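*Asks:* Dumping the structure here so I can ask a few things about it.
There are 2 protein chains.
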Amino acid sequence: MNLTILGCYAATPRSMTNPTAQVLEIKNRMFLIDCGEGTQVQLRKNKLRFSKINHIFISHLHGDHFYGLIGLVSTFSLLNRNNDLHIYGPKGIKEVTLLQLKLSNSYTGYNLYFHELESKESEVVFEDDKVIVTTIPLVHRVYTNGYLFTEKPDDRKLNVDVAKDYGIETCYYQKIKSGNDITLDDGRVIPNAELTFDPPEPKSYAFCSDTVYNEAILPIIKDVDVLYHESTFLESEAHLCERTMHTTAKQAATIAKQANAGKLILGHFSTRYGNIEIFKEEASTIFENVELADDGKVFEL
Amino acid sequence: MNLTILGCYAATPRSMTNPTAQVLEIKNRMFLIDCGEGTQVQLRKNKLRFSKINHIFISHLHGDHFYGLIGLVSTFSLLNRNNDLHIYGPKGIKEVTLLQLKLSNSYTGYNLYFHELESKESEVVFEDDKVIVTTIPLVHRVYTNGYLFTEKPDDRKLNVDVAKDYGIETCYYQKIKSGNDITLDDGRVIPNAELTFDPPEPKSYAFCSDTVYNEAILPIIKDVDVLYHESTFLESEAHLCERTMHTTAKQAATIAKQANAGKLILGHFSTRYGNIEIFKEEASTIFENVELADDGKVFEL
Chain C
519 MNLTILGCYA
529 ATPRSMTNPT
539 AQVLEIKNRM
549 FLIDCGEGTQ
559 VQLRKNKLRF
569 SKINHIFISH
579 LHGDHFYGLI
589 GLVSTFSLLN
599 RNNDLHIYGP
609 KGIKEVTLLQ
619 LKLSNSYTGY
629 NLYFHELESK
639 ESEVVFEDDK
649 VIVTTIPLVH
659 RVYTNGYLFT
669 EKPDDRKLNV
679 DVAKDYGIET
689 CYYQKIKSGN
699 DITLDDGRVI
709 PNAELTFDPP
719 EPKSYAFCSD
729 TVYNEAILPI
739 IKDVDVLYHE
749 STFLESEAHL
759 CERTMHTTAK
769 QAATIAKQAN
779 AGKLILGHFS
789 TRYGNIEIFK
799 EEASTIFENV
809 ELADDGKVFE
819 L
Chain X
519 MNLTILGCYA
529 ATPRSMTNPT
539 AQVLEIKNRM
549 FLIDCGEGTQ
559 VQLRKNKLRF
569 SKINHIFISH
579 LHGDHFYGLI
589 GLVSTFSLLN
599 RNNDLHIYGP
609 KGIKEVTLLQ
619 LKLSNSYTGY
629 NLYFHELESK
639 ESEVVFEDDK
649 VIVTTIPLVH
659 RVYTNGYLFT
669 EKPDDRKLNV
679 DVAKDYGIET
689 CYYQKIKSGN
699 DITLDDGRVI
709 PNAELTFDPP
719 EPKSYAFCSD
729 TVYNEAILPI
739 IKDVDVLYHE
749 STFLESEAHL
759 CERTMHTTAK
769 QAATIAKQAN
779 AGKLILGHFS
789 TRYGNIEIFK
799 EEASTIFENV
809 ELADDGKVFE
819 L
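Note that the protein sequences, when read in sequence, are chains C and X.
Using our numbering, the letters of the first sequence map in sequence onto residues 519 to 819.
Using our numbering, the letters of the second sequence map in sequence onto residues 519 to 819.
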């Protein structure tokens, strides 16, 4: 599981900082999360293959999280994309995207599917044989969801030596890896646990931006391996959180601690701060395993 | 008159090239022409003051000419802009801009005026005491206008020595600069030509992108000082012009020559060409005074 931060700063794009976008590579799938202005250029700079992105998850319709979407959708067309593209985001995202395509008289040469979200309850929005994606309802100035990406358990790992000792034929190996016991020709039942090792623990990643401090998300993100949580402000500016509906670094760390997260990645920094290291210092007083997002940074999780 | 090229490449933004946007500074006014994705970052990189832009002229609603508009409009709000902002462009530009603002629940704190264009005839879209802006109807895959920016003549320059010799009082100086003759107390009439010098010739700038080769624009841009004309392709790819409705470098030079332009600036280069110098070589066979646009380049005209 790799996370590439394309942009992690709040509000306006600047010469050296980009608005929110990140790519999660998980089980050989590549998911784009949020798509601020300039995301397609950030994809190029980070040498990520456009054609591998088939699913885009948008948290909310503030510009710093989705103004790059229409440009990317258009560029996919110019690159002669064939694969279906699925876009998940708040109601309205379909209307605005299709209006822009209509005005430019340039429809996509590929199938474009919108999955518009309106529920205030957590729901599954994507599921295949390897990964499941669940919304994390957040509280912000507009309707907003975070997303929880959870790997499904791999097959159990076969202990080939033991299987051979019992003379089990290879055609039974997939059955064993799927967790079944095996009955030998002489009637003995070999329990699965004797024939297999545990697979790696499935990993999970939660993206939570933008939001106020909100303990209601704790049951959804409990025990998550990696939590990306916005921390627009420091405690010294905590008074701004109520009006803007954002979070401080300390509040983000408190959520991470209560959720028993494995790691906390802070992002969505207000550009008022010159040095983002102070976000880590503040969060570390509450929660130990903190890292800072930064544009172009890759986390191998 | 200064022209700053923020972006001059066709189709998708890339790491090192930007879609169309340029700033024309004329008579102390700052006009933004087109606004591809990333324009606000290009404005910052080129150290141009956002607050001086009060008029934005959009040629057409293809993404590489206007996907940066909504981001700029939003950033103006975040920067607490107070000045009115006027946007000129094809019908539809108001609907799509207001829809995006509505979806993000973020209305502008300043007055936003849309001047939607539908006419296929050239028309005056802006005029004040110093500058007049006229549309140049172009022929492209969607409704498109170029823009002709023309300075109004300055006041005549006073020959102070002559005025003093005649004993003319300073309170008459503005009347003289406005072109009037003066009657002295003794009844003699001093013709204006004796009291003044000619002011500098008013300058003009024509922006023509995107378009096919189109001689119908010649009467509008006749004798223009500086012509920016798209040259997406070279003659070797001329066969692509009909379908895509673009121009070759040679065709752009032919327009410049027929219009008796003072200078031709080529732009909107297809990113298929590695070296843009070949555009200049091709155009120079037809028209001598050719320059190439490039991102970040400033022309002092």
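Backbone N, C-alpha and C define an ideal beta-carbon position, used for all residues, glycine too.
Bear in mind the structure is a predicted one, so any value in this text is a computation, not a measurement.
Quick one, which residues of the region 534–560 of chain X are near chain C if we go by CB-CB under 8 angstroms, in chain order?
*Replies:* For the region 534–560 of chain X, which is checked against every Cβ of chain C, the residues closer than 8 angstroms are E555, G556, Q558, V559.
*Asks:* I think V744 (chain X) touches I783 (chain X), with their Cβ atoms under 8 angstroms apart; what is that distance to the nearest whole Å?
*Replies:* With 8 angstroms as the limit, V744 (chain X) and I783 (chain X) qualify as a contact, their Cβ atoms being about 7 angstroms apart.
*Asks:* At which residues does the alpha helix (DSSP H) containing G589 (chain C) begin and terminate?
*Replies:* Its alpha helix (DSSP H) spans residues 587–596.
*Asks:* Can you tell me which residues form a DSSP beta bridge with T668 (chain X)?
*Replies:* According to DSSP, which records beta bridges pairwise, T668 (chain X) is partnered with X:I650, X:S722.
*Asks:* Is it buried or exposed, G556 (chain X), if we count other Cβ atoms within 10 angstroms and call 16 or more buried?
*Replies:* Buried.
*Asks:* How big is the Cα-Cα spacing for N536 (chain X) and K815 (chain C)?
*Replies:* Using only the alpha carbons, I get a separation of about 24 angstroms.
*Asks:* With DSSP as the reference, label D683 (chain C) as helix, strand or coil.
*Replies:* Correct three-state label for D683 (chain C): helix.
*Asks:* Is the shortest distance between the beta-carbon of G581 (chain C) and the beta-carbons of chain X less than 8 angstroms?
*Replies:* Chain X, which has a Cβ nearer than 8 angstroms to the Cβ of G581 (chain C), makes this yes.
*Asks:* Taking DSSP as the reference, what is the three-state secondary structure of T701 (chain C)?
*Replies:* Residue state, collapsed to three classes: strand.
*Asks:* Between the C-alpha atoms of N858 (chain C) and I544 (chain C), what's the straight-line distance to the nearest angstrom?
*Replies:* Given a span of 519 to 819 for chain C in the structure shown, any question on residue 858 (chain C) remains unanswerable.
*Asks:* Out of curiosity, what's the CA-to-CA distance linking G581 (chain C) and N601 (chain X)?
*Replies:* G581 (chain C) and N601 (chain X): Cα-Cα distance of roughly 21 angstroms.
*Asks:* Quick check on L521 (chain C): does DSSP put it in helix, strand or coil?
*Replies:* The answer is strand: DSSP assigns L521 (chain C) an E or B state.
*Asks:* Taking the alpha helix (DSSP H) that Y691 (chain C) belongs to, which residues open and close that run?
*Replies:* 691–695 is the extent of the alpha helix (DSSP H) around Y691 (chain C).
*Asks:* How long is the line joining the alpha carbons of I694 (chain C) and V651 (chain C), rounded to whole angstroms?
*Replies:* Those two C-alpha atoms are separated by around 28 angstroms.
*Asks:* For a test of the three-state rule: what should DSSP assign to F820 (chain X), helix, strand or coil?
*Replies:* Lying before the first or after the last residue shown, residue 820 (chain X) is absent from chain X, which here runs from 519 to 819.
*Asks:* Taking 8 angstroms as the limit between beta carbons, can you name the residues of its chain near L702 (chain X), skipping five residues before and five after?
*Replies:* The residues are Y684, G685, I686, I708.
*Asks:* With a threshold of 7 angstroms on Cβ separation, who are the neighbours of Y690 (chain X) within its own chain once the five nearest residues in sequence on each side are excluded?
*Replies:* If we look at Y690 (chain X) and ignore the five residues flanking it on each side, its Cβ neighbours are I700.
*Asks:* Compare the C-alpha of F751 (chain X) against each of X:M519, X:A528, X:G589, X:T772 and name the closest.
*Replies:* Here the closest residue by C-alpha is X:A528.
*Asks:* Please list, in chain order, all residues of the same chain as T538 (chain C) whose beta carbon is under 7 angstroms from its beta carbon, the five residues on each side excluded.
*Replies:* G525, C526, D552, G554, D582, H583, S727, H786.
*Asks:* When DSSP labels each residue in this structure, what does V614 (chain X) get in the three-state scheme?
*Replies:* Looking at V614 (chain X) - three-state DSSP - the assignment turns out to be helix.
*Asks:* Name the chain C residues that come within less than 7 angstroms of N623 (chain X), Cβ to Cβ?
*Replies:* By Cβ distance, chain C contributes R659, V660.
*Asks:* Can the beta-carbon of V742 (chain X) be found closer than 8 angstroms to that of A777 (chain X)?
*Replies:* Contact flag set, yes.
*Asks:* What's the C-alpha gap between L630 (chain C) and I605 (chain C)?
*Replies:* For L630 (chain C) and I605 (chain C), the distance between alpha carbons rounds to 8 angstroms.
*Asks:* Going by C-alpha to C-alpha distance, which of X:N546, X:T522, X:R659 sits closest to S577 (chain X)?
*Replies:* Looking at the Cα atoms, X:R659 is the closest of the given residues.
*Asks:* Distance cutoff 8 angstroms, beta carbons only. Does I700 (chain X) sit that close to anything in chain C?
*Replies:* By this cut-off, I700 (chain X) is not an interface position.
*Asks:* Can you tell me where the alpha helix (DSSP H) with I739 (chain X) in it begins and where it stops?
*Replies:* From DSSP, the alpha helix (DSSP H) with I739 (chain X) extends over 736–739.
*Asks:* For P720 (chain C), which residues in the same chain have their Cβ closer than 8 angstroms to its Cβ, ignoring the five residues on either side in sequence?
*Replies:* Cβ within range, chain order: T668, E669, K670, P671, D672.
*Asks:* Output the distance between the C-alpha atoms of E806 (chain C) and T765 (chain C), rounded to the nearest integer angstrom.
*Replies:* If I take the Cα positions, the gap works out to 18 angstroms.
*Asks:* DSSP three-state label for E712 (chain X), please.
*Replies:* In the structure shown, E712 (chain X) sits in a helix (DSSP, three-state: H, G or I).
*Asks:* Which residues bound the alpha helix (DSSP H) around I773 (chain C)?
*Replies:* Taken as a continuous stretch (DSSP letters only), the alpha helix (DSSP H) holding I773 (chain C) covers 767–776.
*Asks:* If contacts are defined as beta-carbon pairs under 8 angstroms, then V614 (chain C) and L617 (chain X) qualify, I think. What distance do you get, rounded to the angstrom?
*Replies:* Confirmed, about 5 angstroms.
*Asks:* Along the region 692–722 of chain C, where does the CB come closer than 8 angstroms to a CB of chain X? Name the residues.
*Replies:* Listed by position along the chain: nothing, the set is empty.
*Asks:* Quick check: does the Cβ of S696 (chain C) come within less than 7 angstroms of any heavy atom belonging to the ligand PLP?
*Replies:* By its list of ligands, the structure shown contains no ligand whatsoever, and the ligand PLP lies outside what it can speak to.
*Asks:* For M763 (chain C), does the count of other Cβ atoms within 10 angstroms reach 16, so buried, or fall short, so exposed?
*Replies:* By the 10 Å Cβ count, M763 (chain C) comes out buried.
*Asks:* Can you find the residues in the same chain that come closer than 7 angstroms, C-beta to C-beta, to T662 (chain X), ignoring five residues on each side of it along the sequence?
*Replies:* Only S577, H578, L656, D728, T729 meet the Cβ criterion.
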